[in-house]
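Q: Residue numbers (our numbering): 558 to 708.
The structure is reproduced here in structure tokens:
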């Protein structure tokens, strides 16, 4: 099978909107979608070569303005729709998600969804300060990502 890369996806047709009655979501390989990853920020306090190399992400890099980020209420609405379609794990990521102001409030909102596990991927630097608050808010699991050892 020959793979032809698509560089301009603007002309691809959008999928038809589905209703909750349509049942579970399936990925392109016909697997049921059980996990949802939500990036809450594009900012990070590290410049790991793997993810945000200093040469690209310098002081002049145009990160998204805060007004362009989804509000916690918008994130909750999207997550609720996915949970209604069968998602059972919501993974909060970034950038560095712990840099998002009041992240524990979002965790608390998402934790109120029925039958869903809330996880968070972080570089771990801010965990000592926020771990208990995040747990109290309903966070189930933390993944610490070590993308570089020398930075």
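Ideal Cβ placement from N, Cα and C applies to all residues, glycine included.
Could you tell me the boundaries of the beta strand (DSSP E) in which residue 676 lies?
A: It spans 674 to 679 - the beta strand (DSSP E) in which residue 676 sits, taken as one unbroken run.
Q: With distances taken between CB atoms, is the gap from residue 602 to residue 661 smaller than 8 Å?
A: Not a contact, by the Cβ cut-off of 8 Å.
Q: State buried or exposed for residue 558, treating a residue as buried only when at least 16 other CB atoms are found within 10 Å of its CB.
A: With a pLDDT of 44 at residue 558, under the threshold of 50, the modelled position of this residue cannot be trusted, and the question is left open.
Q: Kindly indicate which residue of 668, 699, 689, 669 has the alpha-carbon position closest to the one of residue 677.
A: If we check each option's Cα against that of residue 677, 699 comes out closest.
Q: Give the single residue among 675, 681, 630, 646 whose Cα lies nearest to the Cα of residue 693.
A: Here the closest residue by C-alpha is 675.
Q: Whose C-beta lies closer than 8 Å to the C-beta of residue 669 among residues of the same chain, with five residues either side of it excluded?
A: These residues qualify, in order along the chain: 695.
Q: If you pair each beta-carbon of the region 677 to 691 with each one of the region 622 to 641, do three or more pairs fall below 8 Å?
A: The region 677 to 691 is not in contact with the region 622 to 641.
Q: Checking the sheet assignment: what are the DSSP bridge partners for residue 593?
A: Answer by DSSP bridge pairing, in chain order: 647.
Q: In the DSSP assignment, what residue or residues form a beta bridge with residue 700?
A: Paired residues: 678.
Q: For residue 597 versus residue 683, is the C-beta spacing smaller than 8 Å?
A: Not in contact: residue 597 and residue 683 (Cβ atoms no closer than 8 Å).
Q: If you measure between the beta carbons of residue 593 and residue 636, is that distance less than 8 Å?
A: The answer is yes: Cβ separation under 8 Å.
Q: Classify residue 603 as helix, strand or coil using the three-state DSSP reduction.
A: Here residue 603 sits in coil by DSSP.
Q: So what does DSSP say about residue 614, is it helix, strand or coil?
A: Residue 614 falls in the coil class under three-state DSSP.
Q: Taking the alpha carbon of residue 702 as the point to measure from, which residue in 688, 667, 651 has its own alpha carbon closest?
A: The candidate whose alpha carbon is nearest that of residue 702 is 651.
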